[in-house]
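Step one of this worksheet: look at the structure below.
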Amino acid sequence: MWDQLPELILTLIFDYLECRDRFSVDRTCQSWSRALAAPVLWRSITIFIDRDLRSDSSPTKQLAGKYGQYIRKLELAWSRPYILPSETRASWNIRAKEGVEFIAVIKNKAVQLKQLVLTDWFFGSNWNHRSKLLYAVAHFLRFQRNLTSLSLLNANLGVSDVLRLFRAVSWSCGDSLKHLDIRGAFKDWQAPHSNSRYLQYLERLHTLTTFKLDYPALSDLALNSLALAAPKVLRELHISVRDSDARQHTIQDAAWHNLVAVCPQLTVSYTIVNISHYEDISYLLVPSVPLSRFHMYGGHVWDQSRSRNFRSTIGLLISYYSKSLSEVMLQLRNNREQLDDLLVALVERCRRLTNFQYNGIIRSVGTLQEILNLQIDNKTSFRMIHVKPSSVNLRNRGALDEINYNYNHRMLDRGIDFRIDGPALSFC
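Per full-length UniProt numbering, the sequence shown runs over residues 1 to 428.
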């Protein structure tokens with residue numbers, strides 16, 4: 001019965017199978033093998049180097065040799081990126097060697113990728129075949145001509161290793177690459193922002209529209225390189241700032257002004273993690289940044305000898321970015337400051353704001369009503385409102401339930417993703 005199913009149905013089923021299972025399917029019967037040859041099944045594949053490439057006769061390698069020419073998106077990952085004490089370095093070297101052999105297989109098939117993703121790579125200490133594997137990937141990239149997206153998310157490599165890949169991409173795909181993600185690409189505390197080779201390779205990315213990076217990879221010089229590389233092309237910068245990042249350098253307002261002058265449609269997103277104090281954030285919020293999205297996750301631990309001064313941080317957002325902000329997320333743990341008036345001002349004055357998420361103390365339930373009434377009166381243009389008040393007493397909990405009842409259907413009728421999450425109770 002199964003061998004009589006239409007090929008279209010079989011193709012839809014096989015799309016859910018991993019490479020190892022597809023190998024078994026390929027050997028079952030001719031009708032299944034014909035269905036497995038559908039190019040759509042091989043457009044996007046994920047290879048776990050330490051799991052899928054375990055031998056010279058690996059099913060994954062055999063399938064790549066048979067159908068590799070259809071691959072357009074390739075993700076190379078490690079299923080266990082952290083080495084365990086019981087693991088031997090030799091076993092990981094074998095996996096890396098087999099990764100090199102897999103790259104050779106798809107290179108021989110003349111595969112031309114649209115997207116390449118290296119994610120959750122090996123975070124352990126040095127191992128002998130790492131350089132050979134990275135060299136094989138870089139050599140493969142040199143022959144790519146249609147690559148539009150490269151992600152090194154959490155690759156956790158040294159500066160020289162990342163730059164080796166950068167060099168290959170900038171030379172072969174500088175006129176095709178549109179999306180680049182290097183968040184977590186560099187090991188902690190390695191700051192490439194002033195490296196001359198890094199800046200040189202950035203200047204070759206003439207079609208780059210979206211660039212995602214960590215703060216240590218950004219500088220005045222890096223912004224200047226982007227301005228030279230992609231004038232009127234660059235649209236989005238996503239900047240991640242963490243407490244573990246090297247943040248000894250600052251970026252001048254003039255550098256932002258120069259970049260915006262040549263890339264007038266540029267928007268910037270900040271994701272700030274475990275940094276709470278105004279003094280540690282204010283240097284990011286200079287007037288010329290075309291800030292569109294601001295996500296802030298306050299940490300569990302902070303310097304209690306000084307105020308975090310969230311009021312000043314929100315005040316800067318209102319003062320500098322009322323004409324550009326479209327999305328604000330504030331996850332403020334253990335905050336005790338009075339912010340109600342500034343939250344209302346933020347929502348009221350930032351007319352482009354469509355997404356608002358807040359997790360923190362709201363002193364008065366009336367503040368939430370005021371924010372929602374602004375939407376009802378068509379003074380705001382929200383698509384999402386998520387609020388999670390913290391430390392709410394029993395009386396205010398009842399008031400929140402009433403707000404949910406009164407506003408939920410009115411927001412849904414307007415197509416707004418509206419949610420008030422249940423807060424923890426405070427018996428005060």
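C-beta: ideal position from N, C-alpha, C; glycine also.
Assigned secondary structure, residue i (DSSP; H/G/I helix, E/B strand, else coil)
| i | result |
| --- | --- |
| residue 49 | helix |
| residue 143 | coil |
| residue 273 | strand |
| residue 343 | helix |
| residue 348 | helix |
| residue 60 | helix |
| residue 136 | helix |
| residue 278 | helix |
| residue 489 | Residue 489 is absent from the structure shown; the chain starts at 1 and stops at 428. |
| residue 316 | helix |
| residue 412 | helix |
| residue 268 | strand |
| residue 10 | helix |
| residue 335 | coil |
| residue 309 | coil |
| residue 192 | coil |
| residue 54 | coil |
| residue 247 | coil |
| residue 403 | helix |
| residue 176 | coil |
| residue 110 | coil |
| residue 323 | coil |
| residue 379 | coil |
| residue 97 | helix |
| residue 232 | coil |
Rounded Cβ spacing between residue i and residue j (contact assumed at less than 8 Å)
| i | j | result |
| --- | --- | --- |
| residue 273 | residue 293 | With a Cβ gap of about 14 Å, residue 273 and residue 293 do not count as contacting. |
| residue 151 | residue 202 | About 16 Å; that fails the 8 Å criterion. |
| residue 290 | residue 266 | 5 Å |
Rounded straight-line distance, which links the Cα of residue j to that of residue i
| i | j | result |
| --- | --- | --- |
| residue 104 | residue 134 | 12 Å |
| residue 200 | residue 177 | 16 Å |
| residue 281 | residue 275 | 7 Å |
| residue 457 | residue 208 | What is shown of the chain runs 1 to 428, which leaves residue 457 out entirely. |
| residue 49 | residue 206 | 32 Å |
| residue 131 | residue 161 | 8 Å |
| residue 233 | residue 263 | 7 Å |
| residue 99 | residue 72 | 18 Å |
| residue 115 | residue 159 | 22 Å |
| residue 362 | residue 112 | 53 Å |
| residue 338 | residue 310 | 9 Å |
| residue 488 | residue 260 | Residue 488 cannot be examined here, being either before or after the span of the chain that is shown, 1 to 428. |
| residue 353 | residue 60 | 47 Å |
| residue 410 | residue 373 | 11 Å |
| residue 420 | residue 379 | 21 Å |
| residue 173 | residue 192 | 21 Å |
| residue 239 | residue 285 | 12 Å |
| residue 40 | residue 67 | 11 Å |
| residue 366 | residue 138 | 58 Å |
| residue 296 | residue 331 | 6 Å |
| residue 485 | residue 74 | Outside the shown range of the chain (1 to 428) lies residue 485, about which nothing can therefore be said. |
| residue 229 | residue 198 | 13 Å |
| residue 6 | residue 12 | 10 Å |
| residue 412 | residue 356 | 16 Å |
| residue 53 | residue 102 | 8 Å |
| residue 506 | residue 248 | A query on residue 506 cannot be resolved here, the shown segment of the chain reaching from 1 to 428 and no further. |
| residue 256 | residue 188 | 25 Å |
| residue 186 | residue 9 | 44 Å |
| residue 33 | residue 107 | 24 Å |
| residue 404 | residue 397 | 11 Å |
| residue 148 | residue 110 | 17 Å |
Bridge partners - residue i, DSSP secondary structure assignment
| i | result |
| --- | --- |
| residue 357 | 329, 386 |
| residue 212 | 181, 238 |
| residue 73 | 44, 115 |
| residue 102 | Paired residue(s): none; residue 102 is not in a bridge. |
| residue 23 | Its beta-bridge partners do not exist; DSSP assigns none. |
| residue 186 | 157 |
heavy atom of the ligand NAD below 7 Å from residue i C-beta
| i | result |
| --- | --- |
| residue 276 | Among the components of this structure there are no ligands whatsoever, and the ligand NAD is therefore not found. |
Unbroken alpha helix (DSSP H) run spanning residue i, endpoints
| i | result |
| --- | --- |
| residue 16 | Element bounds for residue 16: n/a, residue is neither H nor E. |
| residue 200 | 196-202 |
| residue 159 | 159-173 |
| residue 33 | 30-36 |
| residue 225 | 220-229 |
| residue 368 | 365-376 |
| residue 150 | Element bounds for residue 150: not the alpha helix (DSSP H) but the beta strand (DSSP E), 149-151. |
| residue 257 | 253-262 |
Residue i - containing beta strand (DSSP E), residue span
| i | result |
| --- | --- |
| residue 297 | 291-297 |
| residue 420 | 417-420 |
| residue 285 | Element bounds for residue 285: n/a, residue is neither H nor E. |
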